[in-house]
Amino acid sequence: MKVGFFQFAPRFKDKEANLIQIERVLETTEFDLLVLPELSITGYAFGSRDELLPFAESIPGPTTERLISRLGERILILGLAMVEDDNLYNVAVALTQQKIHIYEKVHLFRKEKEIFTPGRTGFSVFDYCGFKIGLMICFDWIYPEAARSLALHGADIIAHPSNLVLPYCQDAMVTRSLENRVFIITANRIGVEREYRFTGKSQITGPEGEVLIRVGEEEVVKVIEIDPGRSREKRITPENDLFQDRRPELYFSDLQLPENRRLR
Ligand code: ACM
1 MKVGFFQFAP
11 RFKDKEANLI
21 QIERVLETTE
31 FDLLVLPELS
41 ITGYAFGSRD
51 ELLPFAESIP
61 GPTTERLISR
71 LGERILILGL
81 AMVEDDNLYN
91 VAVALTQQKI
101 HIYEKVHLFR
111 KEKEIFTPGR
121 TGFSVFDYCG
131 FKIGLMICFD
141 WIYPEAARSL
151 ALHGADIIAH
161 PSNLVLPYCQ
171 DAMVTRSLEN
181 RVFIITANRI
191 GVEREYRFTG
201 KSQITGPEGE
211 VLIRVGEEEV
221 VKVIEIDPGR
231 SREKRITPEN
241 DLFQDRRPEL
251 YFSDLQLPEN
261 RRLR
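Position 91 (the sequence shown) corresponds to 91 in UniProt numbering; numbering is contiguous.
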């Protein structure tokens, strides 16, 4: 399967310019699955809910319809600002001709907490060409539970639209891939918006913790060939199966945790 990412600097509040740029990539790039950054159409650094609201859309909506019409049999995954029942959600959508899969960001970062409602969808997977794809967004990376949940649901590939500003994620995703034996495509953005400077270095990591590709801080499209079936081999040694050997009954023994750490 040909999978990749488009790393770029979305123009703040200029949806038309961002859509045109993405459409050019769709026209000129050969891929099966392509991942774009978080909030690719609007930009990121909104200061309030009221500032973002005029740019958010329902899904399906004009942006998703327009992009789907350019896809053919391919799948495009990107971050969008979604409005629903007067709430804003920071979402990742997987667009295909047949269906839109939506993931609403669970772990909100900094000012996102004032703007977005925390996601309700949780971490689930969907089928594409016989493989299972899972979605998470940016800051979800620091909660190993996000990638773990997707992997336990059978994800072969995790698509990870991002707007990263802290310097840790790219290295952390090597471990997320290794500890779950899955492919992860982190599509980050570049550029500066208000107080945020984004770190680029989009990458694809493999089930053995390989960095299959990592770029710099330039605008770039990269596509590589992977065999997503490799994610299905969960044995680390002949005697050690990553998932069968888990002992969840010992991990979350609620009553032994301090009160403020207990599962609610
Ligand atoms: C982030 O979650 N956009 C850092």
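Just so you know, even glycine gets a beta-carbon here, dropped at the ideal spot from N, CA and C. In this text the structure is predicted, and so the values were computed from the model without any measurement.
Start-to-end residues for the alpha helix (DSSP H) that takes in residue 175: 169 to 180
Exposure label - residue 99; buried when at least 16 CB within 10 Å: exposed
Short Cβ contact (8 Å threshold) for residue 83 with residue 57: yes
Buried or exposed by the 16-neighbour rule on C-beta atoms within 10 Å, applied to residue 40: buried
Beta carbon of residue 96 nearer than 8 Å to that of residue 115: no
Where residue 7 sits in the DSSP three-state scheme: strand
Nearest candidate by alpha-carbon position, reference residue 70, set 190, 21, 108: 21
Beta-bridge pairing of residue 159 - partner residues as DSSP gives them: 135, 185
Reference residue 94; option with closest CA among 107, 86, 78: 78
DSSP state of residue 28 mapped onto helix, strand, coil: helix
Spatial distance of residue 131 from residue 229 (CA atoms): 8 Å
Terminal residues of the beta strand (DSSP E) in which residue 115 lies: Per DSSP, residue 115 belongs to no beta strand (DSSP E); it is in the alpha helix (DSSP H), 112 to 115.
Sequence-distant residues of its chain with Cβ nearer than 6 Å to residue 135 (five each side left out): 92, 103, 159
Within 8 Å, strictly: CB atoms of residue 123 and residue 162: no
Around ligand 1, Cβ to any heavy atom closer than 6 Å, ordered along the chain: 38, 109, 138, 139, 163, 164, 165
Whole-angstrom C-beta distance between residue 214 and residue 201, which should lie under 8 Å: 6 Å
Sub-8 Å separation of residue 190 and residue 204 beta-carbons: no
Cβ-based burial, residue 198 [other Cβ within 10 Å; buried from 16]: buried
Inter-residue spacing [alpha-carbon to alpha-carbon] between residue 45 and residue 1: 34 Å
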